[in-house]
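Remarks on the structure that follows.
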Amino acid sequence: MSFDPLSAAEPGDGHRQMTVSPEAEIAAASSTRPADHGPHLPNPLRHPLRAMGWLVSRLFGLASLILTLSVIAAIPLLNFFALGYLLEAEGRVARSGKWRDAFPLLSIAPRIGSIALGLGFWILSLRLFSLYVADAQMIDATSAVTGRLRIILAISAALITVHVCLALARGGGLLCFFRPIKNAIWLRARLRHGDYWIVAGEQLRAFLAAFRLKHHFWLGVRGYVGAAVWLFPPTALLAVGDGRDARTLVSLAGGLWLVFVLSWLPFLQARLATENRLAAMFEPRAAINCFKRAPFAWALSTILVYALALPLYLLKVRLPPQDAMWLATLVFIISIYPARILIGLAYGRALRKQKQAWYDLTWLCRATVLAALVVFVFLLFFTQGIGEHGKRTLFEHHAFLLPWPL
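What follows is the structure, given as structure tokens:
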């Protein structure tokens, strides 16, 4: 039984019965392939070493997953995959109501980290040796020692390339990158049976299929398009004025409009992630009904989404170089990922509740969220004066759009 912090402070079921069954929405949304959770935690008392290994593997996988998403989020077009992954995690949590579904790729994440470490080790080793050869060539390019070093470098590069390819063909486990003799034995066995390309191809296809690249990419595109349609008009009005003339009234109108859009947009995107339908982004009445069934969960998760979105605005005051942009997106993943999971839990809780919450609680939560969003939009308006992108900063909305702009 999983603990849901959003339900701990949720009051009773309320008074009025909903006319639309939320179970039907959950059943319609549950057709998506379930998450692969990988091996379960061994009993720590019976198998302490295996339990410790499981924990280390999970922590290593989580770190690998976050770093991978951070790098992908900093690359144009590929960052749609990062957005789609966050939406997928949000949708899975909403459908199941369990924290363990918050990391769809966690079962293969350790393999990602192993490949990164293995490739990094051999590339760095070859790079350091090439610098040594370059220094020798600078001192005396015509000496016999320099000539031998160049030959050794070429042979090393060829052997490392073959070794890395064999490690990847065997599945990319960490030990595969540091056992060249076993890789050679495996290659001889595969050549003897004549199935090297078949086995290597199956390993590659299985690894890529686990990523569900097409699904996550198009889910990210739909999430981006749906959120942009809601956000662009009020943000455009907000960006008109600069706080010094009559155009400020236009900005004020845009800001008020944006407050209401931001209040229901988290649940709309959660609805898209849960049902995998772009049309779900344009059904605000359904999001409002969900809010009425779980107002406290909605208020808590919504406020946390925007509170955790603020740190990245501070980073945009001075942008890092393009090759170091992943450091900024790392902050994004660490801050927005938990907020996405909480939104998914809140939306899933709202789907499962049969009745509306107390009327007084509903209005109290609504007033609290609207007040918090007024403060958020007020701060957002002034980010155009400190952000390196100027007015464009207003349109980025990294809490719902891409982790980093195109």
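Taking the numbering used here, I'd label the letters of the sequence shown as residues 1039 to 1444. Think of the CB as a built atom: it goes at the ideal place given N, C-alpha and C, for glycine as much as any other residue.
- With contact defined as three or more Cβ pairs closer than 8 Å, the stretch 1123-1136 and the stretch 1294-1312 are in contact.
- Selection 1215, 1080, 1139 evaluated against residue 1157 yields 1215 as nearest (Cα-Cα).
- Judged by DSSP in its simplified three-state form, residue 1136 adopts coil rather than helix or strand.
- Secondary structure note for residue 1403: its alpha helix (DSSP H) is the uninterrupted segment 1397-1424.
- Counted as a single uninterrupted DSSP element, the stretch harbouring residue 1178 is not any alpha helix (DSSP H), since DSSP gives it neither H nor E.
- Check the Cα spacing between residue 1273 and each of 1431, 1084, 1233, 1101: the tightest is with 1431.
- Taking the CA atoms as reference points, residue 1243 sits about 50 Å from residue 1278.
- Ranking 1150, 1417, 1396 by CA distance to the CA of residue 1293 puts 1417 first.
- Judged by their CB atoms, residue 1254 and residue 1123 are nearer to each other than the 7 Å cut-off.
- By the criterion of at least three beta-carbon pairs nearer than 8 Å, the stretch 1328-1337 is in contact with the stretch 1372-1390.
- Nearest neighbour of residue 1200 by Cα position, chosen from 1332, 1230, 1420, 1224, turns out to be 1224.
- Around the Cβ of residue 1263, a 10 Å sphere holds fewer than 16 other Cβ atoms; the residue is exposed.
- In the assembly as shown, residue 1236 is an exposed residue. Its beta-carbon has fewer than 16 other beta-carbons within 10 Å.
- Boundaries cannot be given for residue 1145, as no alpha helix (DSSP H) includes it and DSSP labels it neither H nor E.
- If you ignore the 5 residues before and after residue 1160, its C-beta comes within less than 8 Å of the C-beta of 1198, 1201, 1202, 1215, all in its own chain and listed in chain order.
- Per the C-alpha coordinates, the member of 1296, 1302, 1275 positioned closest to residue 1289 is 1275.
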